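Undergrad:
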Amino acid sequence: MCQSDLSCPKCNGEMIQGYVLDKSVGGVSSSQWAEGKPVRRTYFGFVVAEIKIPKSEEVIPIGTFRCQSCGYLESYACGEFAVK
89 MCQSDLSCPK CNGEMIQGYV LDKSVGGVSS SQWAEGKPVR RTYFGFVVAE
139 IKIPKSEEVI PIGTFRCQSC GYLESYACGE FAVK
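Following this note's numbering, the numbering of the sequence shown begins with 89 at its first residue and continues without gaps.
1) Can you give the beta carbon distance from Val108 to Trp121, rounded, assuming they're within the 8 Å contact cut?
2) Please name the residue in Pro149, Ser157, Asn100 whose C-alpha comes closest to that of Gly167.
3) Cutting at 6 Å between CB atoms, please list the residues of its own chain near Gly151, excluding the five before and the five after it.
4) Compute the distance between the beta-carbons of Ile141 and Glu123, then report whether it is under 8 Å.
5) Between Leu94, Pro97, Ser118, which lies nearest to Val147 when the distance is taken from Cα to Cα?
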């Protein structure tokens, strides 16, 4: 999407750009969303993503729902999906 002012297709609320954190190393964890966008940089000629690791209070847990008929997935970022 190249539009800067997207609105939610369900409720017409404001959409904010962010990304899903991938931070599990050898374990299982819940996905989390962080506001902003990753910045590209080079490291010895290789392009790598430089991502500021947000503090735990800056991320929002993600819950994903799946349609049992067609397999469609829909994700929501909401505090109620936090691991307890």
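We put the CB at the ideal spot given by N, CA and C, even for glycine.
Predicted model only: the values in this text are computed from it and were never measured.
TA: On the basis of the data shown:
1) 6 Å
2) Pro149
3) Tyr164, Phe169
4) no
5) Ser118
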